[in-house]
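Below is one structure, written out as structure tokens; comments come after it.
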Amino acid sequence: MTQTEVDRYRDKLLALARRIAADVSDLSNEALRRTDGEASGNLSNTPLHLADLGTDTFEQEVSLSLLENQDQTLEAIKAAVDRIEKGTFGRCSGCHKEIPRERLQAVPFTAFCIECARSNETAGLGLGDPDVS
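Position one of the sequence shown corresponds to residue 15 (this note's numbering), numbered consecutively onward.
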């Protein structure tokens, strides 16, 4: 991989990190809002209906889940930038083969080729990429 390509990936990773950091800020505000009548727009702290409280709780749980996913992605981006600095970016952390350009274009923060990511996921190691099912 040429230095120009590596620089492009670094720029792409840093831009993605900035975008996600802004999203995390919004999600944090959403997740930390109150789950009572005030959150539903009621003037009192008692919801009009138990379903309102249930909806508020569900929405907060979804926001917290999204926030956790975004945090994991930011950690993966940081690790990818670290790999760029170490000169190992673009090589699979599992088999050490070159990661195909198409995969890096789709998931620039990946540490694994698709085969190793699937193997890690199947083995339950939690080392697969967030995008691999």
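In this text, a Cβ means the ideal position worked out from N, Cα and C, and glycines have one as well. Just so it is clear, the structure is predicted and the values come from calculations on it, not from any experiment.
Proximity below 8 Å, CB of residue i to CB of residue j
i: Asp37; j: Gln84; result: yes
i: Ile34; j: Leu88; result: yes
Same chain, Cβ closer than 8 Å to residue i, neighbours up to 5 away in sequence not counted
i: Phe103; result: Met15, Val20, Tyr23, Ala94, Arg97
i: Lys111; result: Arg105, Cys127
Environment of residue i [buried if 16+ CB atoms lie within 10 Å]
i: Pro122; result: buried
i: Leu28; result: exposed
i: Arg32; result: exposed
i: Arg117; result: buried
Contacting residues, own chain, Cβ-Cβ under 7 Å from residue i (five flanking each side not counted)
i: Ser107; result: Ala125, Phe126
i: Cys130; result: Cys106, Gly108, Cys109
i: Ser42; result: Leu81
i: Gln17; result: none
Distance between beta carbons of residue j and residue i, contact taken as under 8 Å
i: Leu30; j: Ile113; result: Between Ile113 and Leu30 the Cβ distance is about 17 Å, and since that is not below 8 Å, they are no contact.
Delimiting residues of the alpha helix (DSSP H) encompassing residue i
i: Ile128; result: 128-137
i: Glu112; result: Where Glu112 is concerned, there is no enclosing alpha helix (DSSP H), given that its DSSP letter is neither H nor E.
Cutoff 6 Å; reference residue i; Cβ partners in own chain excluding five residues on either side
i: Gly68; result: none
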